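Undergrad: Residue numbers (the working numbering): 110 to 247. C-beta: ideal position from N, C-alpha, C; glycine also. Note that the structure is predicted; figures quoted are calculated from it, not measured. Before I ask anything, here is the structure I am working with.
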Amino acid sequence: MLLDYIIICPLAFVLGGSLKFCINSIKSRNLAFDQIGLGNFPSTHISIVSSITWLVYFREGYSDPLLGVCLALLIIVTIDALDTRKKIEDIVRVLRVELGDGKSIEGLRDKTGHNPIDAIGGVGVGFLAALIIVFTTT
Numbered sequence: 110m111l112l113d114y115i116i117i118c119p120l121a122f123v124l125g126g127s128l129k130f131c132i133n134s135i136k137s138r139n140l141a142f143d144q145i146g147l148g149n150f151p152s153t154h155i156s157i158v159s160s161i162t163w164l165v166y167f168r169e170g171y172s173d174p175l176l177g178v179c180l181a182l183l184i185i186v187t188i189d190a191l192d193t194r195k196k197i198e199d200i201v202r203v204l205r206v207e208l209g210d211g212k213s214i215e216g217l218r219d220k221t222g223h224n225p226i227d228a229i230g231g232v233g234v235g236f237l238a239a240l241i242i243v244f245t246t247t
C-alpha cells in the first residue's frame, strides 16, 4: 500500500503528459515535441497533485487529516496554474515589447498557464490515476 502512494504521482504525470502530447500532436498534425511544457489540456501539475488527493480520499476517507493537507496543496497548485502563471505570460509579453525579440528573452515562453478547463482535466486525470491504483492493487 505504501508503494501505491509512491507510484501514483509518476503514473499521473505519464497519463497527463501523454494525453497532452497526443492532443497537441493531433491539433498541430505533427508530433508536438516543441509544445512540451507549454500549458494546455490537461494540467499535468494538477494531475499529479490531484491523483494523490484522490488516492488519500479513496484509501483513508474524508476524515483523515492527510486529505486536508492534500487539498491545501491542490488549491495552491491550481492557483499557480490558473493565476500566477498567467501573470508570468503577461510579463513575458511586456518584455517582448520593451526589449524586442533579442537573445536575452529568447528562451521565455509566451504560453505557460492554464484555463479552468485545463485544470478540470487535470483533476480528471488524477481521478483516473487513483482509480487505476485502487482497482489494480490491494
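1. According to the neighbour-count rule (16 or more other Cβ atoms, all chains shown, within 10 Å of its Cβ), is residue 179 buried or exposed?
2. Residue 120: buried (16+ other C-beta within 10 angstroms of its C-beta) or exposed?
3. Under 8 Å: do the region 220-235 and the region 156-172 share three or more Cβ pairs, one atom per stretch?
4. Could you check if residue 117 is buried or exposed, using at least 16 other CB atoms within 10 Å of its CB as the buried criterion?
5. What is the DSSP secondary structure of residue 171, reduced to helix, strand or coil?
6. The alpha helix (DSSP H) spanning residue 149 covers which residue range?
7. Comparing alpha-carbon positions, which option in 170, 165, 144 and 202 lies nearest residue 242?
8. Just the Cα atoms here: how many angstroms apart are residue 229 and residue 195?
9. Expressed to the nearest angstrom, what Euclidean distance is found between the alpha-carbon atoms of residue 245 and residue 193?
10. Using C-beta distances below 6 Å, list every residue in its chain close to residue 156, excluding the 5 sequence neighbours before and after it, in chain order.
TA: Let me lay it out:
1. buried
2. buried
3. yes
4. buried
5. coil
6. Note, residue 149: premise wrong, no alpha helix (DSSP H); not H, not E.
7. 165
8. 17 Å
9. 36 Å
10. 121, 125, 231, 234 and 235
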